[in-house]
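Engineer:
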Amino acid sequence: MNQRDELKVFISLRESTCSECGENLGTKAWVFLNRDKGVLCLSCADLDHLEFLLSGDTALTVRAKKYSTLHAVVLKWSRARKRYERQGLLVEKDALEKAEQECLEDADIRERRRLREAQKREQIDQDFVLRFAARIRELFPNCPKDREITIAEHACMKYSGRVGRSAAAKHLDEIAVTLAVRANVRHIMTEYDELLSKGYDRFEARALVESKVSDVIDNWQSRC
């Protein structure tokens with residue numbers, strides 16, 4: 003994938019509404035522009051599982067991009083320069099961690115990780131995450147240990163447009179919680195991201211991995 007073909011996520015300077023789920027994203031939302039559907043939140047664009055890597059460390063960015071099956075450039079409009087400027091990259095968590103591990107010889111990488119985790123903590127409502135995770139465990143008793151926390155943290159990140167920020171999810175609605183779990187399974191336990199990176203439409207890619215996702219969900223829900 004060359005630079006021109008890279009997926010792009012924009013930090014909106016105006017109030018935005020997702021054209022697919024109808025969620026009001028407010029201002030400064032991170033959005034994906036779909037040619038046919040218009041503005042999509044990261045959840046509807048299936049990019050919400052990616053981690054943000056701030057621009058500034060070329061070596062780390064190059065490595066993370068190399069290891070990430072799916073990535074997207076984050077852009078923001080500069081009123082002063084009248085152009086979009088690169089803010090960083092959205093990459094898969096495992097790819098970022100692998101890149102960081104390789105860069106640990108650089109003295110400032112440990113500090114970068116600390117700052118990134120601190121930023122993440124600021125964007126998470128811990129009480130809500132714990133309640134969301136408990137609901138996941140209730141609905142999916144065979145979910146692997148601590149997986150519910152990981153899913154809840156991703157789903158409930160503030161300003162992300164992820165499913166956990168929807169009105170239904172805030173009431174721990176079963177459908178909303180299940181959507182968050184299915185999204186995690188789809189991205190982590192199937193070849194879904196690889197299909198997206200090859201240019202498959204997300205609905206086509208979802209159809210191709212649906213049976214795998216359903217098998218995992220059925221196993222996690224089983225109380226036998």
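Take the sequence shown: its letter number 80 is residue 82 in the numbering used here, and every next letter is one higher. The beta carbon of each residue, even a glycine, is placed where N, CA and C say it ideally should be.
Between the Cα of S216 and those of V183, D203 and Y86, spot the shortest distance and give me the residue it belongs to.
Structural biologist: Checking every option, the nearest Cα to that of S216 belongs to V183.
Engineer: Taking 6 Å as the limit between beta carbons, can you name the residues of its chain near C158, skipping five residues before and five after?
Structural biologist: Taken in chain order, the residues that qualify are F130, V131, F134 and G166.
Engineer: According to DSSP, what are the bridge partners of C20?
Structural biologist: None, per the DSSP bridge assignment.
Engineer: Thinking just about the alpha-carbon of each residue, which of L55, G24 and L9 is nearest to the one in R114?
Structural biologist: Checking every option, the nearest Cα to that of R114 belongs to L55.
Engineer: Pull up the DSSP beta-bridge partners for V131, would you.
Structural biologist: Answer is none; V131 lacks a bridge partner.
Engineer: What three-state label does DSSP hand Y69 in the structure shown?
Structural biologist: Y69 falls in the helix class under three-state DSSP.
Engineer: Note down the Cα distance separating L52 from D195, rounded to an integer number of angstroms.
Structural biologist: Approximately 11 Å between the Cα atoms of the pair.
Engineer: If you draw a straight line from the alpha carbon of Q223 to that of P146, how long is it in whole angstroms?
Structural biologist: Each residue's alpha carbon lies about 11 Å from the other.
Engineer: In whole angstroms, what separates the C-alpha of K10 from that of L91?
Structural biologist: Going from the Cα of K10 to the Cα of L91 covers about 9 Å.
Engineer: Which residue from C43, R16 and K30 puts its Cα closest to that of E22?
Structural biologist: For the residues C43, R16 and K30, the minimum Cα distance to E22 belongs to C43.
Engineer: Determine the DSSP secondary structure at L198, reduced to helix, strand or coil.
Structural biologist: The answer is helix: DSSP assigns L198 an H, G or I state.
Engineer: I'd like to know whether the C-beta atoms of R149 and V179 end up nearer to each other than 8 Å.
Structural biologist: No; because the gap between Cβ atoms is not below 8 Å, this pair is not in contact.
Engineer: So, for Y161: in the same chain, excluding its five sequence neighbours on each side, which residues have a beta-carbon less than 6 Å away from its beta-carbon?
Structural biologist: In this prediction, Y161 scores a pLDDT of 44, lower than 50, which makes its location untrustworthy; the coordinate-derived value is nonetheless stated afterwards. Correct list: empty, nothing qualifies.
Engineer: Based on Cα-Cα distance, which residue from E8, V41 and E102 lies nearest to T60?
Structural biologist: The shortest C-alpha separation from T60 is found at E102.
Engineer: Can you list, in chain order, the residues of its chain whose CB lies under 6 Å from that of L198, leaving out five sequence neighbours each side?
Structural biologist: Around L198: L72 and A207.
Engineer: Report back the beta-carbon spacing between K30 and S45 to the nearest angstrom; my notes put them in contact at under 8 Å.
Structural biologist: Wrong, their Cβ atoms sit about 16 Å apart, outside the cutoff.
Engineer: Which first and last residues belong to the beta strand (DSSP E) in which S80 is found?
Structural biologist: Segment A74 to S80, the beta strand (DSSP E) holding S80.
Engineer: Give me the Cβ distance between V1 and E8, rounded to the nearest whole Å; I'm assuming they're in contact under 8 Å.
Structural biologist: Only positions 3 to 226 of the chain appear in the structure, and residue 1 is not among them; the question remains open.
Engineer: Under the three-state reduction of DSSP, which class applies to N26: helix, strand or coil?
Structural biologist: Strand.
Engineer: Tell me which residues share the same chain as K39 and place their Cβ nearer than 7 Å to its Cβ, disregarding the 5 neighbours each side in the sequence.
Structural biologist: Counting only Cβ-Cβ distances below 7 Å, and skipping sequence neighbours, we find S21 and E22.
Engineer: When you compare only the Cα positions, how much space is there between Y86 and E140?
Structural biologist: Roughly 44 Å separates the two Cα atoms.
Engineer: Mapping the DSSP letters down to three states, classify K10 as helix, strand or coil.
Structural biologist: The answer is strand: DSSP assigns K10 an E or B state.
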